[in-house]
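S.K.:
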Amino acid sequence: MAKKSKIEKLKKQQKTVEKYCELRRKLKAEGDYVALSRLPRDASPTRLQNRCQITGRPHGYLRKYGVSRIVFRELAYCGELPGIRKASW
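Listed below in structure tokens is the structure:
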């Protein structure tokens, strides 16, 4: 489980990205990179890091499911992911 501070920081960054989304788009279209550089660093969506929705783990993240590989495996074994089952041959 990730530290609660890391998870809260991610939520705060997501709000900042949403807040400045339109302004960033407008400034980029105008080519005003000086004004763009004056915005907060966390306003850039590239600074966001994907984290598991359940544990907050940053590594081994599966975009399609929004969870880490470890949680994915547990959910798949329990049958809680529709259309996913353990391969056997």
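The sequence shown maps to residues 2 to 90 in the numbering used here.
Every residue gets a Cβ at the ideal spot worked out from N, C-alpha and C, and that includes glycine.
In this text, all values refer to a predicted model and were calculated from it rather than measured experimentally.
Helix or strand or just coil, what does DSSP make of TYR62?
M.R.: Of the three classes helix, strand and coil, the one that applies to TYR62 here is strand, per DSSP.
S.K.: Going by beta carbon distance, what residues of the same chain come within less than 8 Å of LEU49, once the five residues before and after it are set aside?
M.R.: Answer for LEU49: LEU11, GLN14, GLN15 and VAL18, listed in chain order.
S.K.: Tell me the rounded alpha-carbon separation between ARG58 and LYS29.
M.R.: Roughly 33 Å separates the two Cα atoms.
S.K.: Can THR47 and VAL72 be called in contact, C-beta distance under 7 Å?
M.R.: In this structure, VAL72 does not lie closer than 7 Å to THR47 by Cβ.
S.K.: Have a look at the DSSP bridge pairing and note the partners of VAL35.
M.R.: None, per the DSSP bridge assignment.
S.K.: Tell me whether the beta-carbon of TYR21 lies closer than 7 Å to the beta-carbon of ALA36.
M.R.: No, they are not a contact pair.
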